[in-house]
Amino acid sequence: MAEHEHHFDPLSGWCDGCTLRDDGRQTWHGDVSRTGPNYTPADLALFRERAHS
């Protein structure tokens, strides 16, 4: 598979051209093949706050 430049969605973090997310999580056919970090509810609230500003 040819390499491409990742373009991550600013809200979801998913690349628009593959199955990789900006935190390192990767999925394939609905299965997580590489896990990313485990975010706490406080982390997620901070991400939402930053996305709205």
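Throughout the sequence shown, residue numbering follows this note's numbering, covering 1000 to 1052 in sequence. By construction, the Cβ of each residue, glycine as well, lies at the ideal position given by its N, Cα and C atoms. Please read all numbers here as calculations on a predicted model, not as lab measurements.
Look at residue i and residue j and say whether their C-beta atoms are less than 8 Å apart.
i, j, result
"Thr1026", "Thr1018", "yes"
"Asp1015", "Asp1008", "yes"
When you compare only the Cα positions, how much space is there between residue i and residue j?
i, j, result
"Ala1050", "His1005", "19 Å"
"His1003", "Gly1023", "16 Å"
"Pro1036", "Ser1052", "23 Å"
Given residue i, which residues of its chain have a CB within under 8 Å of its CB, disregarding the five upstream and five downstream residues?
i, result
"Leu1010", "Ala1050"
In chain order, what residues of the same chain have a beta carbon less than 7 Å from the beta carbon of residue i, not counting five sequence neighbours either side?
i, result
"Gly1012", "Arg1020, Asp1021, Asp1022"
"Thr1039", "none"
As an exercise, report each continuous beta strand (DSSP E) stretch of at least 3 residues that is fully enclosed by the segment 1010-1049, in chain order.
1025-1027, 1030-1033
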